[in-house]
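Colleague: Below you will find the structure I want to go over with you.
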Amino acid sequence: MNETDVIIAGAGIAGLSLAALLSQRGLRVVVVDGAPHPDRLGPLGAGVNDWDRRVSALTPASSALLTDIGAWAAIVEKRSAAYDSMRVWDAEGTGAVAFTAFEVGAPDLGHIVENRITVDALLGVLEREKTVAVRWNDPIIAVNNHHTAGVQVTTENGDRVTAPLLVGADGAKSIVRRQLGFRVRQWSYEQSAIVATIALEQHHNARCYQAFLATGPLALLPLADPLLCSIVWSLDTSSVDAVRALTDADFVLALNRALGDQAPPVAKVGARAMFPLQQCHAVDYVQTRVALVADAAHAIHPLAGQGINLGLADVGVLADEIEQATSAQVDWGDLAVLRRYQRRRKTENLATMAAMEGFKRGFGSGNPALRVLRNAGLSWVNKSPHIKRWLTMQALS
Ligand SMILES: Cc1cc2nc3c(=O)[nH]c(=O)nc-3n(C[C@H](O)[C@H](O)[C@H](O)COP(=O)(O)OP(=O)(O)OC[C@H]3O[C@@H](n4cnc5c(N)ncnc54)[C@H](O)[C@@H]3O)c2cc1C
Numbered sequence: 011m012n013e014t015d016v017i018i019a020g021a022g023i024a025g026l027s028l029a030a031l032l033s034q035r036g037l038r039v040v041v042v043d044g045a046p047h048p049d050r051l052g053p054l055g056a057g058v059n060d061w062d063r064r065v066s067a068l069t070p071a072s073s074a075l076l077t078d079i080g081a082w083a084a085i086v087e088k089r090s091a092a093y094d095s096m097r098v099w100d101a102e103g104t105g106a107v108a109f110t111a112f113e114v115g116a117p118d119l120g121h122i123v124e125n126r127i128t129v130d131a132l133l134g135v136l137e138r139e140k141t142v143a144v145r146w147n148d149p150i151i152a153v154n155n156h157h158t159a160g161v162q163v164t165t166e167n168g169d170r171v172t173a174p175l176l177v178g179a180d181g182a183k184s185i186v187r188r189q190l191g192f193r194v195r196q197w198s199y200e201q202s203a204i205v206a207t208i209a210l211e212q213h214h215n216a217r218c219y220q221a222f223l224a225t226g227p228l229a230l231l232p233l234a235d236p237l238l239c240s241i242v243w244s245l246d247t248s249s250v251d252a253v254r255a256l257t258d259a260d261f262v263l264a265l266n267r268a269l270g271d272q273a274p275p276v277a278k279v280g281a282r283a284m285f286p287l288q289q290c291h292a293v294d295y296v297q298t299r300v301a302l303v304a305d306a307a308h309a310i311h312p313l314a315g316q317g318i319n320l321g322l323a324d325v326g327v328l329a330d331e332i333e334q335a336t337s338a339q340v341d342w343g344d345l346a347v348l349r350r351y352q353r354r355r356k357t358e359n360l361a362t363m364a365a366m367e368g369f370k371r372g373f374g375s376g377n378p379a380l381r382v383l384r385n386a387g388l389s390w391v392n393k394s395p396h397i398k399r400w401l402t403m404q405a406l407s
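Every letter in the sequence shown is one number past the one before it in this note's numbering, and letter 380, counting from 1, is 390.
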């Protein structure tokens, strides 16, 4: 049997970031993941299919955390794209808002980064950390919380690891959450997201584009190549299969119809992938000796690109509370320590989820009164510098 200070279930962006922060604070960490070790990245190709279709719009707060961890420089060196403006519009009406970094005196609004690049940079950091072991290809199959005697995970190949604290960073279908009886509020959005890399006919000008269509939101995220964007097209389950099955030429036509004249025309689309979307929020993020972070605690609609940003904020706060407990020589798996983490994170996470739900429902409705209201609302926001400034500052944090 192995003992360690903290077990982290899941070596995604959240789990690897937490492992780095905790080992940098002197704790021994074992990370367990069911997936194979990702290949370290070599030189990257530049064709439309050479980009990771999973990208994230990382806020300045997330890049600051990744800088503290020591991963940000490697991300920038590899490939990332700063964006300094965002255009949001109602494709069923006339309302539109433009946000710019200039208006709030910031250099940019964030960076678009391929997920595999963030993971690779974190793996580079962990290779230098002596107190972290990452076990790949060995999923957790059982979790037992013995409270005073610690919490134990059993992996598929029969290994057992025990620690005073287990962190579930194992994604939206978290086995930690399910096996330990955490209650959740969840519902399907009845939507799936199609993701792909597309080529434009004109430069994207470092701008994000977001159209709210009756069938769901469509986002274009600018990549480091000025003619390429990553798209996240969320579509109601009733229409997604038909759109996914379109030929490349017809898919490009459908994209251009959806974007109208609000974004540069699309010329070409790369290979497409699809993700079902669901909202899931754990009623509690913690119990004695266990904490949930990121998607394991709260999976939300990708329409405002907040998922991993909320997850990284969880990670920063949890690491901070664990550090305070260790400096005060208090048990870091104690419920009082973990509840402080929950208190500091839950309100923001819930507020963001509620806002996403409001956007999704408000823009998904064909109700004519609601349509008039949302168009008037967007135009009003666009003409209100103080409100716009406030919204932009929220997006930066
Ligand atoms: C289409 C789409 C677009 C998005 N765009 C954005 C965006 O622009 N900005 C943003 O902030 N967020 C975005 N998100 C959300 C973001 O991708 C997620 O919030 C983020 O990936 C969650 O990271 P995580 O580390 O919590 O979980 P994951 O990335 O899901 O990692 C979980 C890890 O746990 C492992 N695991 C699972 N089960 C077990 C087990 N039994 N044993 C051991 N290991 C296990 C998995 O192998 C995986 O490595 C998007 C999501 C989607 C679907």
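For each residue, glycine too, the CB sits at the ideal point set by N, CA and C.
Measure the alpha-carbon distance for A259 versus I127 and round it to whole angstroms.
Modeller: In this structure, the CA atom of A259 is about 30 angstroms from the CA atom of I127.
Colleague: Exposed or buried, which one is Q316 when buried takes at least 16 other CB atoms within 10 Å?
Modeller: buried
Colleague: In chain order, what residues of the same chain lie with their CB nearer than 6 angstroms to the CB of Q352, ignoring the 5 residues before and after it?
Modeller: Y295 and V296
Colleague: Buried or exposed, going by whether 16 or more other CB atoms sit within 10 Å of the CB of V16?
Modeller: buried
Colleague: Could you work out which residue in S33, W342, I18 and P312 is closest to W146 when comparing CA atoms only?
Modeller: I18
Colleague: T164 and E13 look like a contact to me (Cβ under 8 angstroms); what is the Cβ gap, rounded to whole Å?
Modeller: Contact flag wrong, Cβ pair sits at about 14 angstroms.
Colleague: How would you call D43, buried or exposed, if buried means at least 16 neighbouring beta carbons within 10 angstroms?
Modeller: buried
Colleague: With distances taken between CB atoms, is the gap from L313 to P232 smaller than 8 angstroms?
Modeller: no
Colleague: State the start and end residues of the unbroken alpha helix (DSSP H) segment that holds D324.
Modeller: Note, D324: alpha helix (DSSP H), G317 to S337.
Colleague: Output needed for G280: all residues of its chain with C-beta closer than 6 angstroms, excluding positions within five of it in sequence on either side, in chain order.
Modeller: V58, N59, A206 and T207
Colleague: Chain D beta carbons: is any one of them nearer than 8 angstroms to that of R195?
Modeller: No chain D appears in the structure shown, which is made up of a single protein chain.
Colleague: Quick check: is any heavy atom of ligand 3 less than 7 angstroms from the C-beta of V153?
Modeller: Of the ligands one can find in the structure shown, namely ligand 1, none is ligand 3.
Colleague: For Q272 and I150, I'd like the C-alpha separation in whole angstroms.
Modeller: 47 angstroms
Colleague: Could you check if G44 belongs to the surroundings of ligand 1, using beta carbon to heavy atom distance under 7 angstroms?
Modeller: yes
Colleague: Taking the beta carbon of L360 as the centre, do at least 16 other beta carbons fall within 10 Å, making it buried, or is it exposed?
Modeller: Counting the other Cβ atoms within 10 Å of the Cβ of L360 gives fewer than 16, which makes it exposed.
Colleague: Quick one: which unbroken alpha helix (DSSP H) runs of 4-plus residues sit fully inside the stretch 73-160? Chain order, please.
Modeller: 82-88 and 125-138
Colleague: For F261, which of helix, strand or coil comes out of DSSP?
Modeller: helix
Colleague: Hey, quick one: how far does the alpha helix (DSSP H) through I185 stretch, first residue to last?
Modeller: I185 to Q189
Colleague: Looking at C-alpha atoms only, which residue of A234, N154, S66 and A224 is the closest neighbour of H214?
Modeller: A234
Colleague: Let's test the definition: count the other Cβ atoms within 10 Å of the Cβ of D49 and tell me whether it reaches 16, buried, or not, exposed.
Modeller: exposed
Colleague: Does DSSP put E211 in a helix, in a strand, or in coil?
Modeller: coil
Colleague: Please classify Q289 as buried or exposed, where buried requires at least 16 neighbouring CB atoms within 10 angstroms.
Modeller: buried
Colleague: Within 10 Å of its beta-carbon, does W61 have 16 or more other beta-carbons around it, so buried, or fewer, so exposed?
Modeller: Answer is buried; the Cβ neighbour count reaches 16.
Colleague: My understanding is that V300 touches G120, with C-beta atoms under 8 angstroms, so please give their C-beta distance in whole angstroms.
Modeller: With a Cβ gap of about 32 angstroms, V300 and G120 do not count as contacting.
Colleague: Does the beta-carbon distance from A323 to R350 come in below 8 angstroms?
Modeller: no
Colleague: Just list the residues that DSSP pairs M363 with in beta bridges.
Modeller: Looking at the DSSP assignment, M363 forms no beta bridge with any residue, so it has no partner.
Colleague: Using a 10 Å radius around the Cβ and a threshold of 16 neighbouring Cβ atoms, would you call D251 buried or exposed?
Modeller: exposed
Colleague: Buried or exposed for S337, please, with buried defined as at least 16 other CB atoms from any protein chain shown within 10 angstroms of its CB.
Modeller: exposed
Colleague: Roughly how far, in whole angstroms, is the beta-carbon of Q201 from the beta-carbon of D246, given that I think they are within contact range, below 8 angstroms?
Modeller: 6 angstroms
Colleague: Which residues in the same chain as F481 place their Cβ atom closer than 6 angstroms to its Cβ, once the five residues preceding and following it in sequence are excluded?
Modeller: The structure shown does not extend to residue 481, since the chain is modelled only from 11 to 407, so the question has no answer here.
Colleague: Cβ-heavy atom distance between S249 and ligand 1 below 7 angstroms?
Modeller: no
Colleague: Can you determine whether any heavy atom of ligand 1 sits closer than 7 angstroms to the C-beta of P174, and answer yes or no?
Modeller: Closer than 7 angstroms to some heavy atom of ligand 1: that does not describe the Cβ of P174.
Colleague: Can you tell me which of D305, K88 and L37 puts its alpha carbon nearest to the alpha carbon of G20?
Modeller: Of D305, K88 and L37, the residue nearest in Cα terms is D305.
Colleague: Who pairs with R195 in a beta bridge, going by DSSP?
Modeller: H291
Colleague: Does M11 come out as helix, strand or coil in the three-state DSSP assignment?
Modeller: Legend: pLDDT at M11 = 49, less than 50; position of this residue unreliable, value from coordinates given subsequently. Note: M11 maps to coil in three-state DSSP.
Colleague: Would the beta-carbon of S66 be found less than 7 angstroms away from any heavy atom of ligand 1?
Modeller: yes
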